[in-house]
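**Q** Residue numbers (my numbering): 1 to 283. First the structure, which I've put down as structure tokens, then a few questions once you've had a look.
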């Protein structure tokens, strides 16, 4: 399999690898995966399909998922967020399985893998702290904004493009710097994100950053081949957001549902971008 997990929608997204690592770490016993929404399940199965094809037969689906997780981790060096969340998710899964009386084989496998990801996350954090995190974050920020500007995210709605760009930042070098830096540095790093996100979001509808529009204009998906695939991938990317705690991110991504009560019905690009930045990076 090449470096891209999917062909078509999302093939340019670097965030997919980290997001899928965490998804695989949850396992098949996670309640939300036992009763998944159709859109989430469809994308999850599509992303896993090419991974599973390269794996030898496994004793159980859980062992297969762990094997796919290992394969995915080798394909591309995971970022700090991917390693940390994968370790946390595996530990929670280990605890959940212990309460259910899991088999010794899966418990032992999880114990070993949890230690590996915890060690990898700690080692990467140590390496990152010896580097110029601010410079790396600024380079990553400029790269993602350039990709947005040249149209890599145009398959999604204006608000969806903003959300996808912010997720790219969150899972990469920018997000690493934000999590590992002092509060004053975090504020300085986020300021241009607020400004540039609002500006590019406004330009996508030929408006100023303060012009207010009904929410459906911000969330209108352009008619195109692969429209449903774009919508499904966006739903999967935002599957872990909560409609009460993250009303704007949830409304922008979970388009198969009615918008959250907390989603402003009329808003400007600045208000929408600010809300997305705060929900993704600060909550």
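No residue lacks a Cβ here, since even glycine has one placed at the ideal position from N, Cα and C. Quantities reported herein were computed from a predicted structural model and do not represent experimental measurements.
If you follow the alpha helix (DSSP H) that residue 197 is part of, which residue opens it and which one closes it?
**A** The count along the chain shown starts at 1 and reaches residue 197 at position 197. Its alpha helix (DSSP H) spans residues 183-203.
**Q** Using the C-alpha atoms, what's the distance from residue 180 back to residue 114?
**A** Counting from one through the chain shown, the residue named residue 114 turns up at place 114. Counting from one through the chain shown, the residue named residue 180 turns up at place 180. Looking at the two C-alpha atoms, the distance is approximately 22 Å.
**Q** Please confirm if the segment 11-26 is in contact with the segment 72-86, defined as three or more CB-CB distances below 8 Å between the two stretches.
**A** Yes, since at least three Cβ pairs between the segment 11-26 and the segment 72-86 fall closer than 8 Å, the two stretches touch.
**Q** If residue 234 sits next to residue 156, beta carbons under 8 Å apart, how far is it from one beta carbon to the other, in whole angstroms?
**A** Taking the first residue of the chain shown as position 1, residue 234 is located at position 234. Taking the first residue of the chain shown as position 1, residue 156 is located at position 156. With 8 Å as the limit, residue 234 and residue 156 qualify as a contact, their Cβ atoms being about 6 Å apart.
**Q** Is it right to say residue 28 is buried, meaning 16 or more other beta carbons lie within 10 angstroms of its own, or is it exposed?
**A** Residue 28 sits at position 28 when you count from the first residue of the chain shown. Residue 28 comes out exposed.
**Q** Considering just the uninterrupted stretch of the beta strand (DSSP E) at residue 212, what are its terminal residues?
**A** Here residue 212 refers to the residue found at position 212 when the chain shown is read from its first residue. Element bounds for residue 212: 212-214.
**Q** Would you check if the distance between the CB atom of residue 249 and the CB atom of residue 117 is smaller than 8 Å?
**A** As a position in the chain shown, residue 249 is number 249, starting the count at 1. As a position in the chain shown, residue 117 is number 117, starting the count at 1. No; because the gap between Cβ atoms is not below 8 Å, this pair is not in contact.
**Q** Ordered along the chain, which non-local residues of its own chain (more than five positions away) have a Cβ less than 8 Å from that of residue 276?
**A** Locating residue 276 in the chain shown gives position 276, counting from the first residue. Closer than 8 Å at the Cβ level, and outside the excluded window around residue 276, lie 159, 162, 163, 166, 197, 248, 249 and 252.
**Q** Counting Cβ pairs closer than 8 Å, one from the segment 47-59 and one from the segment 262-279, do we hit at least three?
**A** no
**Q** Starting from the Cα of residue 40, find the closest Cα among 228, 221 and 99 and give me that residue.
**A** Taking the chain shown and counting its residues from 1, one reaches residue 40 at position 40. Of 228, 221 and 99, the residue nearest in Cα terms is 228.
**Q** Would you check if the distance between the CB atom of residue 141 and the CB atom of residue 174 is smaller than 8 Å?
**A** On the chain shown, position 141 is the one that residue 141 refers to. On the chain shown, position 174 is the one that residue 174 refers to. Yes. Within cutoff.
**Q** Return the bridge partner residues of residue 268 from the DSSP annotation.
**A** By one-based count along the chain shown, residue 268 stands at place 268. Its beta-bridge partners are 212.
**Q** If residue 171 sits next to residue 81, beta carbons under 8 Å apart, how far is it from one beta carbon to the other, in whole angstroms?
**A** Residue 171 sits at position 171 when you count from the first residue of the chain shown. Residue 81 sits at position 81 when you count from the first residue of the chain shown. That pair is a contact at about 6 Å.
**Q** Can residue 144 and residue 168 be called in contact, C-beta distance under 8 Å?
**A** Walking along the chain shown from the start, residue 144 turns up at place 144. Walking along the chain shown from the start, residue 168 turns up at place 168. Yes, they are a contact pair.
**Q** Go through its chain and collect everything with a Cβ distance to residue 13's Cβ below 6 Å, but skip five positions before and after it.
**A** Position 13 of the chain shown, counted from the start, is the residue given in the question as residue 13. Excluding residues within five positions, none has a Cβ falling inside 6 Å.
**Q** Using CA atoms only, rank isn't needed, just tell me which of 177, 109, 146 and 261 is closest to residue 131.
**A** Here residue 131 refers to the residue found at position 131 when the chain shown is read from its first residue. Comparing Cα-Cα distances from residue 131 to each of 177, 109, 146 and 261, the minimum goes to 177.
**Q** Please classify residue 269: is it buried, with 16 or more other beta-carbons within 10 angstroms of its beta-carbon, or exposed?
**A** Taking the chain shown and counting its residues from 1, the one referred to as residue 269 is at position 269. It counts as buried.
**Q** Within the same chain, show all residues whose beta-carbon is closer than 7 Å to that of residue 2, passing over the 5 residues directly before and after it, in chain order.
**A** Here residue 2 is taken as the residue at index 2 of the chain shown, counted from 1. With a pLDDT of 42 at residue 2, under the threshold of 50, the predicted position of this residue should be treated as unreliable, though the coordinate-derived value follows. There are no such residues.
**Q** Expressed to the nearest angstrom, what Euclidean distance is found between the alpha-carbon atoms of residue 119 and residue 84?
**A** For the purposes of this step, residue 119 is taken as residue 119 along the chain shown, with counting starting at 1. For the purposes of this step, residue 84 is taken as residue 84 along the chain shown, with counting starting at 1. Spanning the two alpha carbons is a distance of roughly 10 Å.
**Q** If you draw a straight line from the alpha carbon of residue 124 to that of residue 212, how long is it in whole angstroms?
**A** Here residue 124 corresponds to residue number 124 of the chain shown, with the count starting at 1. Here residue 212 corresponds to residue number 212 of the chain shown, with the count starting at 1. C-alpha separation (whole angstroms): 43 Å.
**Q** Figure out for me which residue from 210, 68 and 121 has the closest Cα to the Cα of residue 53.
**A** Here the question's residue 53 lines up with position 53 in the chain shown. Per the Cα distances, 68.
**Q** If you follow the alpha helix (DSSP H) that residue 14 is part of, which residue opens it and which one closes it?
**A** On the chain shown, position 14 is the one that residue 14 refers to. That residue, residue 14, is in no alpha helix (DSSP H); it is neither H nor E in DSSP.
**Q** Just confirm the distance between the C-beta atoms of residue 65 and residue 24, as a whole number of angstroms; I'd bet it's less than 8 Å.
**A** Position 65 of the chain shown, counting from 1, holds the residue named residue 65. Position 24 of the chain shown, counting from 1, holds the residue named residue 24. Contact flag correct, Cβ pair sits at about 5 Å.
**Q** Compare the C-alpha of residue 61 against each of 106, 9, 89 and 90 and name the closest.
**A** Position 61 of the chain shown, counted from the start, is the residue given in the question as residue 61. Among 106, 9, 89 and 90, the Cα nearest to that of residue 61 is on 106.
**Q** In chain order, what residues of the same chain have a beta carbon less than 7 Å from the beta carbon of residue 279, not counting five sequence neighbours either side?
**A** As a working mapping, residue 279 is identified with position 279 in the chain shown. Hits under 7 Å: 246, 248 and 249.
**Q** What is the residue span of the alpha helix (DSSP H) that residue 83 lies within?
**A** Within the chain shown, numbered from 1, the residue matching residue 83 stands at position 83. Per DSSP, residue 83 belongs to the alpha helix (DSSP H) from 80-100.
**Q** Can residue 281 and residue 201 be called in contact, C-beta distance under 8 Å?
**A** Here the question's residue 281 lines up with position 281 in the chain shown. Here the question's residue 201 lines up with position 201 in the chain shown. Going by beta carbons, residue 281 and residue 201 fall outside the 8 Å limit.
**Q** For residue 237 and residue 259, I'd like the C-alpha separation in whole angstroms.
**A** Counted from its first residue, the chain shown places residue 237 at position 237. Counted from its first residue, the chain shown places residue 259 at position 259. Going from the Cα of residue 237 to the Cα of residue 259 covers about 17 Å.
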